[in-house]
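**Student:** Our numbering applies: residue 1 is where the sequence shown begins, and numbers increase by one. We put the CB at the ideal spot given by N, CA and C, even for glycine. Remember, predicted model here, so these are calculated numbers, not experimental data. This is the structure, below, for whatever I ask next.
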Amino acid sequence: MRCFITGTDTGVGKTYVSALLVRALRAKGLDAVGMKPLCCGARDDALALHAANDEAIPLNDVNPVWLRTPAAPYTASLVENRPIDLALIRSTCARIAVEHESIVVEGIGGWRVPIARGYDVGDFAVELGLPVIIVVANRLGALNHTLLTYESVTSRKLKCAGLIVNHAVSAQEDVAALTNLGVLEDLFQIPVLYEIAHGQRELVL
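Quick look at the structure:
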């Protein structure tokens, strides 16, 4: 499997889902690694993927560019007066893709988060050309956010492999949480690949 993981927003559980996916692939004997090419703020997401990889690649390959400011990459680069090294990101991703059978690349924030002037997460995904999986936080607002993200992904001529609906963002089961999955499948015909339950620690492929 080779895929790009995006989300309907920040804080929807992209890293949680990506790590589960990498662990599941490795458990099946596949040479799978996860990457978070760009981190802003704490480096916890990259560390989680590094652990899920069983440290098969160095942390600086999991996450070649790290800005300390907890903001969108473009904003963080302005605050730190540090242009984002896109060449390093591109070369590292290309090398890891050649060296490993399966690769899970996690984006940062949502689909349209700006990385540099005139260049956002979606543009980076287009460069990679991988099928896109959208992580959906199962909460109020998920339907609108999912449809907008899906339409933006497919408008760039990328394949959307499907959705992973993440119930782990909240233990609360309100009307939206109980009905989102059915509505997504019924109205939008976007395949739901997996559901992640609250507290789930492994994924069965």
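Do you know how far the Cα of D186 is from the Cα of P58?
**Tutor:** Per the coordinates, the alpha-carbon of P58 lies some 43 Å from the alpha-carbon of D186.
**Student:** How long is the line joining the alpha carbons of T92 and L38, rounded to whole angstroms?
**Tutor:** 11 Å
**Student:** Look up A32 in the DSSP assignment and give the residues it is bridged to.
**Tutor:** DSSP, once it has assigned bridges, lists S102 as partnering A32.
**Student:** What are the boundary residues of the beta strand (DSSP E) that includes N166?
**Tutor:** C160 to N166
**Student:** In the DSSP assignment, find the alpha helix (DSSP H) that holds L25 and state where it starts and stops.
**Tutor:** K14 to A27
**Student:** Classify I133 as helix, strand or coil using the three-state DSSP reduction.
**Tutor:** strand
**Student:** Could you name the residues that DSSP lists as bridge partners for S195?
**Tutor:** First, the residue type needs correcting, since residue 195 is Glu and not Ser in the sequence shown. Answer is V165, bridged to E195.
**Student:** Determine the extent of the alpha helix (DSSP H) in which G118 is found, giving its start and end residues.
**Tutor:** Neither: G118 is in no alpha helix (DSSP H) and is coded neither H nor E.
**Student:** My understanding is that D31 touches S102, with C-beta atoms under 8 Å, so please give their C-beta distance in whole angstroms.
**Tutor:** D31 to S102, Cβ: 6 Å. Contact.
**Student:** Would you mind sorting L178 into buried or exposed? The rule is 16 or more other CB atoms within 10 Å of its CB.
**Tutor:** Classification for L178: exposed.
**Student:** Using only the alpha-carbon positions, how far apart do D120 and V33 sit?
**Tutor:** 23 Å
**Student:** Can you give, in chain order, each stretch of the beta strand (DSSP E) that sits fully within the stretch 30 to 79 and has at least 3 residues?
**Tutor:** 32 to 35, 38 to 40 and 65 to 67
**Student:** If you reduce the DSSP assignment to three classes, tell me which class T154 lands in.
**Tutor:** helix
**Student:** Please confirm if the stretch 157 to 164 is in contact with the stretch 127 to 139, defined as three or more CB-CB distances below 8 Å between the two stretches.
**Tutor:** yes
**Student:** Identify which residue in V204, V165 and V175 has its Cα closest to the Cα of V190.
**Tutor:** With the sequence shown as reference, residue 190 is identified as Ile, and Val is not the correct amino acid for it. Among V204, V165 and V175, the Cα nearest to that of I190 is on V165.
**Student:** Is A71 closer than 8 Å to L203 when the C-beta atoms are compared?
**Tutor:** In this structure, A71 does not lie closer than 8 Å to L203 by Cβ.
**Student:** When burial is assigned at 16 or more other CB atoms within 10 Å of the CB, is E99 buried or exposed?
**Tutor:** exposed
**Student:** Hey, could you find the ends of the alpha helix (DSSP H) T179 is sitting in?
**Tutor:** Going by DSSP, T179 is part of the alpha helix (DSSP H) stretching over V175 to V183.
**Student:** Indicate the three-state DSSP secondary structure (helix, strand or coil) for T8 in the structure shown.
**Tutor:** coil
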